[in-house]
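Listed in order, the protein sequences are those of chains A and H. Position 46 of the first sequence, counted from 1, bears residue number 46 in the working numbering, the numbering being contiguous throughout. Position 108 of the second sequence, counted from 1, bears residue number 108 in the working numbering, the numbering being contiguous throughout. One structure is given below, encoded as structure tokens.
Protein chains: 2
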Amino acid sequence: MNWSTHASQRLDEAGHRSGRARRRVVELLGSADCALTALEIDRRIDSVGRASVYRTLERLEQLRLIQRVDIGGDSAGYERVDASDHHHHLVCQACGCLSPFTSEKLEDAIAAVGQSAGFALASHDVVLRGTCADCGDA
Amino acid sequence: MNWSTHASQRLDEAGHRSGRARRRVVELLGSADCALTALEIDRRIDSVGRASVYRTLERLEQLRLIQRVDIGGDSAGYERVDASDHHHHLVCQACGCLSPFTSEKLEDAIAAVGQSAGFALASHDVVLRGTCADCGDA
DNA sequence: ATCTGTGCAAATAGTTTGCATCCTC
DNA sequence: GAGGATGCAAACTATTTGCACAGAT
Chain A
1 MNWSTHASQR LDEAGHRSGR ARRRVVELLG SADCALTALE IDRRIDSVGR
51 ASVYRTLERL EQLRLIQRVD IGGDSAGYER VDASDHHHHL VCQACGCLSP
101 FTSEKLEDAI AAVGQSAGFA LASHDVVLRG TCADCGDA
Chain H
1 MNWSTHASQR LDEAGHRSGR ARRRVVELLG SADCALTALE IDRRIDSVGR
51 ASVYRTLERL EQLRLIQRVD IGGDSAGYER VDASDHHHHL VCQACGCLSP
101 FTSEKLEDAI AAVGQSAGFA LASHDVVLRG TCADCGDA
């Protein structure tokens with residue numbers, strides 16, 4: 001089952017109803033390559049109020065169907081969560097592109113930090129900034 | 001030499017002048033334990049306009065005397081940079097406290113990711129969220 | 001029929017800008 | 001004395017809230 005269907009189902013289970021705004025936002029996030037900001041989502045969808053976009057994102061985040069990604073700008077990105085697809089982001093400062101990566105070594109290091117600090121870790125964000133391969137060899 | 005003096009000196013060298021707002025902001029950042037938001041700084045300083053706080057932070061950041069820390073909320077934190085003190089942050093979701101940590105393993109893992117992705121890394125942020133030792137054993 | 005979701009518009013919060021004035025150099 | 005620094009107020013951007021109404025169950 002794809003993410004959109006899954007998300008819609010979970011929203012139903014949580015007692016939410018399905019209106020136009022919710023359908024369009026879920027559909028868009030389900031087909032997105034990477035994180036989208038609330039405003040990008042709003043721009044790409046006609047006849048849906050901006051407030052509804054934010055409210056839908058809020059519900060999706062509460063159910064952990066999407067997650068916020070802070071890439072350091074003034075607005076936050078949102079992307080769908082696949083339990084089996086934990087990853088972080090590389091941000092190219094030249095072209096603004098976002099690419100996901102995973103690293104077991106990095107996850108291990110993070111777990112070790114939490115343990116030695118006595119923190120019960122719930123989540124973590126890692127954002128690497130630099131120049132991507134395409135922009136680097138100009 | 002302490003950070004405040006150093007920062008003030010570098011601002012001078014960069015051709016900036018020293019007014020009340022700049023003095024107070026630099027002084028506060030120099031004595032801060034960890035990151036402060038622009039609004040916290042503004043609140044703690046009387047008779048200094050908010051705009052001047054932002055402008056001072058902007059200049060300090062450009063000279064790499066302070067750095068932005070995105071802890072995931074709606075506003076960003078700023079803290080002084082000591083070249084010899086690279087660290088990241090643990091955020092307690094219960095009490096909101098911020099504690100710094102360092103991990104060589106983590107830095108290594110990050111460097112490895114950048115290399116294998118063909119990214120020339122310029123900077124990176126790591127934020128771990130969870131429950132701190134104090135809040136955990138309630 | 002009921003009660004949630006939606007859209008609009010207004011309200012907020014954080015940050016930036018315009019401009020007259022102050023003050024450093 | 002000149003030009004940058006500052007403070008105030010207004011502008012802006014992202015996000016949230018109030019409210020009437022449409023629409024899902």
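Here a beta-carbon is modelled for each residue, glycine too, at the ideal position from N, C-alpha and C.
Cβ proximity to chain A below 7 Å picks out Ser-103, Lys-105, Leu-106, Ala-109, Ile-110, Ala-112, Val-113, Gly-114, Ala-117, Gly-118, Phe-119 and Ala-120 from the segment 102 to 120 of chain H. Of the other Cβ atoms in all chains shown, fewer than 16 fall within 10 Å of the Cβ of Asp-74/H; this residue is therefore exposed.
Of the candidates Gln-9/H, Glu-13/H and Val-26/H, the residue whose Cα lies closest to the Cα of Ile-45/H is Val-26/H. When Cβ-Cβ separations below 8 Å define contact, Leu-128/H makes contact with chain A.
Fewer than three pairs of CB atoms, one per stretch, sit closer than 8 Å, so the segment 90 to 102 of chain H makes no contact with the segment 96 to 107 of chain A. Neighbours of Cys-132/A in chain H, taken as residues at a C-beta separation under 9 Å, are given in chain order as Ala-117, Gly-118, Phe-119 and Ala-120. Taking a cut-off of 8 Å for Cβ pairs, the segment 80 to 98 of chain A and the segment 86 to 96 of chain H do not touch, as fewer than three such pairs fall below it. Between Val-53/A and Ile-66/A, the C-beta gap is not smaller than 8 Å, which leaves the two residues out of contact. Neighbours of Leu-90/H in chain A, taken as residues at a C-beta separation under 7 Å, are given in chain order as Ala-117 and Phe-119. Nearest in C-alpha terms to Ala-122/H, of all of Val-113/H, Arg-129/H and Leu-128/H, is Val-113/H. Note: Thr-56/A is not bridge-paired with any residue in the DSSP secondary-structure output. Under the three-state reduction of DSSP output, Ser-123/A falls in the strand class. Put simply, the CB of His-86/A is far from chain H, with every gap to its CB atoms at 8 Å or more. Within its own chain, the residues whose Cβ lies closer than 6 Å to the Cβ of Arg-129/A, once the five positions on either side in sequence are excluded, are Val-91 and Gln-93, listed in chain order.
In this chain, the alpha helix (DSSP H) harbouring Gly-30/H covers 20 to 31.
Within its own chain, no residue has a Cβ closer than 6 Å to the Cβ of Asp-134/H once the five positions on either side in sequence are excluded. Under the 8 Å criterion on CB atoms, Ser-123/H is classed as interfacial with respect to chain A. With a cutoff of 8 Å on beta-carbon distance, Val-127/A and Asp-125/H are scored as near each other. For Ser-99/A, the pairing in a beta bridge is given by DSSP as Leu-90/A. Nearest to Leu-36/A by C-alpha distance, out of Ile-110/A, Ile-71/A and Ala-83/A, is Ile-71/A. At a cut-off of 8 Å between beta carbons, Gln-67/H makes no contact with chain A.
The beta carbons of Ala-7/A and Leu-60/A sit about 7 Å from each other, so the pair counts as a contact at 8 Å. Remark: C-beta atoms of Leu-63/A and Ala-21/A do not approach each other more closely than 8 Å.
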